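Worksheet for the structure shown next.
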Amino acid sequence: MSSKQKIKVSRRLDIRLTLRYSCAFLITTFIICAFLYSRIRHNLLKDIDRVLFDEGREIAASLLRSGKPNTEEMTELVRENASRKFYPLHFRIMDTDGNVQFVSREKVFRSIPAGKELWKQMTEKKGITETVYRFHRKYPKRVYTFSVYQDNRLSYVVQITTTLKLMNKSLRNFRFNIIQAFPLALLLGALGGWLLARGSLKPIGEVTRTTRRITASNLAERIAVNHTGDELDELIITINDMISRIEDAFKRIAQFTADASHELRTPLCSLKGEIEVILSQERDGEEYKKTLIDCAERLEELSKLLNGLLLLARADGGEIIRATPITLDKLLMSLAEFFDPLARQKGITLSLGAMEDVHIMGDKNLLQQLFTNLIDNAIKYTSESGKITLTMSVGPDMVGVSVEDTGIGIPEDALPHIFKRFYRVDPSRSREAGGSGLGLSICHFIVEAHHGRIKVETEINRGSTFTVYLPRTSSR
Ligand code: ADP
């Protein structure tokens, strides 16, 4: 997906979050409503049962007082109950043989079970409350059946009942209201969820817009931090840090390119000038030869410079070294042998100090380049009758290689810069000596790539010692 492509509606985070909120809201509301419904039903039934129990207590008291159903009292109770508007009560009294001794209204009890089974139950329990459903009729009935004992003997079973019409109507109303309010609640919930999602995601839109604006030409721009201390703030700070790193890398690349072009331009211009001069008029063979030799030398320097640039470009690209086992003392001895003629030519003594049979893991070409640069510098910056010594010091984990010279030394204020690219203490002197200002920065990269370190000790006009420490991999 390109950065400017529009996100599909179905993939949009605010829409997805709203859907999730709505689902969660729906499920929660449903659970709450179901719970409320069951609690209301339970409480209504409890109230009805309480009315049934009260009535039962009165009937039982009358039976115990009179020893049998007292027609006068029963008729009075029926009259009282008939006046009840919402929960009209009816009752019947049965004797031990299951014969009905009194019934307030017979047809009410047609669908309510009685007989032997009930009798058996009543010998075990004192009272049963149950709901009797009559599918052919609209409303169920609540029935309270209890036993009356006289002289410790079961003498009557009484049943009191009332219709659950009102309760069912109330519950139906409750269900109806919920169903009616549900879509509205869902709509409000979804709207709330959407507003919430939009509000939380708004800063992300801001981050996206600012990040889109940032290009190579305005890398200095940053996303505004809200200072809320939340995850979004953390994300913005991380993105800003990343942009800073990219900006640094861009600056370094731009600087490197500018420096590299400058370094290449000088020798190329002088090469061009030299060729133009020699071609400006007819010359003899000897002159042409001398100029060509000069040009070849300059081209050699240019090629060295280009190789250095290439190596540093590879280092910037994070190239990993190809490590193989290397016998360090052998490598140093062959380099000393190689540089000896050059040193002699300058009247410098190049000698080997303590050497031990040490193996390390490393990239042979890079290590050769590392020590070549150090020895080359030592020769470049040491004058006639000076001395250069290569020494090895072996520790338990690291091996140190020192290149010590008795040359011009490095001023203290230049020391922090000597490993920087294109830095030279004395540019004209360095250029004269064929230096490009890249040698030590290449050394630094090689040492780091081998997980080692490099140290410099120097004194003006007394000399310098560059010591490289590299990790050992096998015993001596
Ligand atoms: P260059 O190619 O100019 O020698 P380097 O990166 O190798 O560049 O070195 C950076 C600078 O450090 C040199 O210009 C030089 O001034 C100084 N330098 C390096 N090695 C020595 C040394 N052995 N003695 C004195 N100065 C040195």
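Our numbering runs 3 ahead of the 1-based position in the sequence shown. Glycine included, C-beta positions come from ideal geometry on N, C-alpha and C. Quick caveat: nothing in here was measured; it's all calculated off a predicted structure.
- [ ] Would you mind giving the Cβ-Cβ distance between glycine 466 and glutamate 407, rounded to the nearest angstrom? I have them listed as a contact below 8 Å.
- [x] 7 Å
Task: Proximity winner among Thr32, Leu267, Ile62, Val459, relative to phenylalanine 149 (alpha-carbon distances) - done: Ile62
Open item on the list: If contact is defined by three or more beta carbon pairs under 8 Å, each pair taking one atom from either stretch, is the segment 386–405 in contact with the segment 340–356?
Closed with: yes
TODO: Grab me the residues of serine 25's own chain with a C-beta within less than 8 Å of its C-beta, minus the 5 sequence neighbours each way, in chain order.
DONE: Leu189, Gly192, Ala193, Gly196
Task: Extent of the continuous alpha helix (DSSP H) to which glutamine 348 belongs - done: 331–348
TODO: Give the secondary structure of isoleucine 163 by DSSP, where H, G and I count as helix, E and B as strand, and everything else as coil.
DONE: strand
Open item on the list: Please state whether the Cβ-Cβ distance between leucine 55 and arginine 145 is less than 8 Å.
Closed with: yes
Open item on the list: What I want to know is whether the C-beta of glycine 288 ends up closer than 7 Å to one or more non-hydrogen atoms of the ligand ADP.
Closed with: no
Open item on the list: Quick test of the definition: if touching needs 3 or more C-beta pairs under 8 Å, does the segment 126–138 touch the segment 96–105?
Closed with: no
Task: Integer Cβ distance of leucine 335 from methionine 364, believed to fall under 8 Å - done: Not really, about 16 Å apart at Cβ, beyond 8 Å.
Task: alpha helix (DSSP H) segment containing lysine 367, residue limits - done: 367–383
Task: lysine 275 versus alanine 417: straight-line alpha-carbon distance, rounded - done: 33 Å
Open item on the list: Three Cβ pairs or more, each shorter than 8 Å: is that satisfied between the segment 75–84 and the segment 216–223?
Closed with: no
- [ ] Compute the minimum distance between the beta carbon of tyrosine 426 and the heavy atoms of the ligand ADP, and state whether it is under 7 Å.
- [x] yes
Open item on the list: the ligand ADP and leucine 314: does any heavy atom of the ligand fall closer than 7 Å to the residue's C-beta?
Closed with: no
TODO: Determine the burial state of glycine 49: buried for a count of at least 16 other Cβ atoms within 10 Å of its Cβ, exposed for fewer.
DONE: One detail in the question is off: residue 49 reads as lysine in this sequence, not glycine. Lysine 49 is exposed by the Cβ-count criterion.
TODO: Could you tell me whether any non-hydrogen atom of the ligand ADP is closer than 7 Å to the CB of serine 283?
DONE: no
Task: Reduced DSSP category for glycine 59 - H, G, I as helix; E, B as strand; rest coil - done: helix
Task: Outcome for threonine 231 when other beta-carbon atoms lying within 10 angstroms are tallied against a minimum of 16 - done: exposed
- [ ] Can you grab the Cα-Cα spacing for the pair threonine 21 / glutamate 237, in whole Å?
- [x] 24 Å
TODO: Just mark glutamine 183 as buried or exposed, buried being the case when its beta carbon has 16 or more other beta carbons within 10 Å.
DONE: exposed
- [ ] Return yes when at least one heavy atom of the ligand ADP lies under 7 Å from the C-beta of asparagine 243, else no.
- [x] no
TODO: Determine, using beta carbons only, whether arginine 424 and leucine 441 come nearer to each other than 8 Å.
DONE: yes
TODO: Output the distance between the C-alpha atoms of aspartate 319 and asparagine 376, rounded to the nearest integer angstrom.
DONE: 19 Å
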